[in-house]
Structures are given as structure tokens and as C-alpha cells.
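Here this note's numbering is used: the first residue of the sequence shown is -12, the next is one more, and so on.
Ideal Cβ positions, reconstructed from N, Cα and C, are used throughout, including at glycine.
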Amino acid sequence: MLTMDMPLSANTLGFISLIAYVITLIPTSIKIVFPHTKETGIPQFLLKYRRFIGIIAFFFAFGHTFLLVRKRNLDFLDLKTFWIYIQGITTLTIFTILALTSNNWSIKKLKKNWKKLHQLTYFAMFLLTWHIWDKMLGHWTYLTPIGISIITGTAVLSFIRIWIQFQDGITKNKRKVRKLNN
Ligand code: HEM
-12 MLTMDMPLSA
-2 NTLGFISLIA
8 YVITLIPTSI
18 KIVFPHTKET
28 GIPQFLLKYR
38 RFIGIIAFFF
48 AFGHTFLLVR
58 KRNLDFLDLK
68 TFWIYIQGIT
78 TLTIFTILAL
88 TSNNWSIKKL
98 KKNWKKLHQL
108 TYFAMFLLTW
118 HIWDKMLGHW
128 TYLTPIGISI
138 ITGTAVLSFI
148 RIWIQFQDGI
158 TKNKRKVRKL
168 NN
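Listed below in C-alpha cells is the structure:
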């Protein structure tokens, strides 16, 4: 049921974190799915500040968690509680790893592994969708349908992008094989 109360501040922080996180995901996708958007300069602008926006997402997620842990007196050392909040905890862990490695030093040190590590962001997308559904079931705020629509839309856009890149890869490979055969 959609409640008429104003969203709690912890929920608002979670929602802002979600928006910031989504902003880090969309530039690559819109560049590939809607190539003409490159002319607007928007994907390039978002890509330039992506690491910084990711760090903002982490801080808001941390604030969201902090307020909820305090309000509900949660003890993550209790396995039952830990399990109930597993999606949120795993997402926050991923956000922490990504925030800590969002700097030039880490890119240099981790080399190829940096890209692999940052692909965890796609796992977080799935976990976050599950987190919102699970935790808000039966008591949606005004933010819930917006949050769910945004994260689902972003997931769909990412899947289309991955599909396009996969198809491009096949075409490129076919061309290579043809060249080798000629
Ligand atoms: C990256 C980390 C996280 C993000 C981005 C995030 C985001 C969100 C969002 C967007 C909502 C729905 C707000 C609404 O529709 O009003 C929510 C709800 C909730 N989150 Fe998180 N969350 C994260 C981690 C956590 C963690 C670690 C916990 C553990 C305490 C947690 C506990 C909750 C709870 C209990 C709710 C439901 C609140 C209610 O009943 O009103 N979240 N979260």
C-alpha cells in the first residue's frame, strides 16, 4: 500500500544515493544505446564527474545505513539480522570498494583488474532493486515507485547496451575471420 506520510530522512538519503549511483551508470549506456546524445555533450560531462558522483553515492548510502541502524538498533553481528539486511550490506560493501578505488593511484596499481573490479557495479544494480522491493514491500513511500522505476529503467538500458556491445563483438570477429580467409 502507498502510504501518504512524508518519506523518512533515512529513506531520502537512500533515494539520493540511488540517484547518484544511477548517474554513474547511465553515461556509458546512453552513449551506446542513443549515439546521437554524444552531440549534446551530456554523456561526456557525466563521464568526467563519474568517480566523484560515485563517492557521493557512497556517502549518502552510508548515512542511510547509519540512520537505520540507529533507529532500529540493528546488530549485524547477529546472523539473523545480518541475513535480513544482506542485500543492503552487500551493496554498501560494493559501494565502499568502488569509492576506495575511484582514484588514479588505484587505476595504475590494479591495471586491467580495475575494470573487472568496477564491474561489481552491475551486481549492485541487481542487489539494490531487490533491496528496495524487499524492504519497502507493503509500505511504499512516494519515493519507492520513483526509485523502482529508475533502477529498473537503468537495468534495462544496461542490458540493451551489453547486448549491442555483444553484437558488435560478433560482427568485428566475423570481419577478422573474413580478412584472415581472404
Ligand atoms: C548502497 C547501499 C544502499 C542504498 C543505495 C539503499 C537505498 C535504499 C532505498 C532507495 C530505499 C527505499 C526508500 C523509499 O522508497 O522510501 C531503501 C530502504 C531501506 N533500506 Fe536501504 N539502501 C542501502 C543499504 C542499506 C543497508 C546497509 C541497510 C541496513 C540497515 C538498509 C536498510 C534499509 C531499510 C530497513 C529500508 C526500508 C525503510 C522503511 O521501511 O521505510 N539499506 N534503501
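Just curious, the alpha helix (DSSP H) that threonine 141 is in, first and last residue? Taking the sequence shown and counting its residues from 1, the one referred to as residue 141 is at position 154. Run containing threonine 141: 130 to 168, per the alpha helix (DSSP H) assignment.
According to the Cβ coordinates, are isoleucine 19 and glutamine 152 closer than 8 Å? Here residue 19 refers to the residue found at position 32 of the sequence shown. Here residue 152 refers to the residue found at position 165 of the sequence shown. Closer than 8 Å, so yes.
Whose CA, out of Lys67, Leu114, Leu64 and Lys98, lies closest to the CA of phenylalanine 82? Here residue 82 corresponds to residue number 95 of the sequence shown, with the count starting at 1. For phenylalanine 82, the nearest C-alpha among the options comes from Leu114.
Within 7 Å: the Cβ of methionine 112 and any heavy atom of ligand 1? Along the sequence shown, one-based indexing puts residue 112 at 125. No, the Cβ of methionine 112 stays beyond 7 Å of every heavy atom of ligand 1.
Do lysine 67 and ligand 1 come close, with the Cβ less than 7 Å from some heavy atom? By 1-based counting over the sequence shown, the position of residue 67 is 80. Lysine 67: no, Cβ never under 7 Å from ligand 1.
Report back the beta-carbon spacing between serine 186 and phenylalanine 53 to the nearest angstrom; my notes put them in contact at under 8 Å. Residue 186 lies beyond the stretch modelled for the chain, which goes from -12 to 169, so this question has no answer here.
I'd like to know if the region 69 to 76 and the region 110 to 125 are in contact, where contact means that at least 3 CB-CB pairs between them fall below 8 Å. yes
For the region 32 to 48 against the region -1 to 17, are there 3 or more C-beta pairs whose distance is under 8 Å? yes
Tell me whether the beta-carbon of leucine 130 lies closer than 8 Å to the beta-carbon of phenylalanine 2. For the purposes of this step, residue 130 is identified with residue 143 of the sequence shown, where counting begins at 1. For the purposes of this step, residue 2 is identified with residue 15 of the sequence shown, where counting begins at 1. The answer is yes: Cβ separation under 8 Å.
Measuring CB to CB, does serine 16 end up less than 8 Å from serine 145? Numbered from 1 along the sequence shown, position 29 holds the residue referred to as residue 16. Numbered from 1 along the sequence shown, position 158 holds the residue referred to as residue 145. Yes; because the gap between Cβ atoms is below 8 Å, this pair is in contact.
Chain-order list of residues whose beta-carbon lies under 8 Å from that of lysine 166 (same chain, five-residue window excluded): In the sequence shown, the residue the question calls residue 166 occupies position 179. The answer is none, since no qualifying residue turns up.
Leucine 104 and leucine 97 look like a contact to me (Cβ under 8 Å); what is the Cβ gap, rounded to whole Å? Translated into positions along the sequence shown, residue 104 becomes position 117. Translated into positions along the sequence shown, residue 97 becomes position 110. Sure, about 6 Å apart at Cβ, within 8 Å.
Integer-rounded CB distance, given that leucine 12 should sit under 8 Å from threonine 108: Here residue 108 refers to the residue found at position 121 of the sequence shown. Here residue 12 refers to the residue found at position 25 of the sequence shown. Confirmed, Cβ separation roughly 7 Å.
Hey, is isoleucine 119 close to ligand 1, as in C-beta under 7 Å from one of its heavy atoms? Position 132 of the sequence shown, counting from 1, holds the residue named residue 119. For ligand 1, at least one heavy atom lies less than 7 Å from the Cβ of isoleucine 119.
Alanine 86 Cβ short of 7 Å to ligand 1 heavy atom set: For this step, residue 86 is matched to residue 99 along the sequence shown. No.
Report yes if the CB atom of leucine 170 is closer than 8 Å to the CB atom of glycine 50, and no otherwise. Any question about residue 170 goes unanswered here, given that the chain covers just -12 to 169.
DSSP-derived helix/strand/coil call for glycine 28: Position 41 of the sequence shown, counted from the start, is the residue given in the question as residue 28. In the structure shown, glycine 28 sits in coil (DSSP, three-state: anything other than H, G, I, E or B).
Is it buried or exposed, serine 89, if we count other Cβ atoms within 10 angstroms and call 16 or more buried? For this step, residue 89 is matched to residue 102 along the sequence shown. So serine 89 ends up on the buried side.
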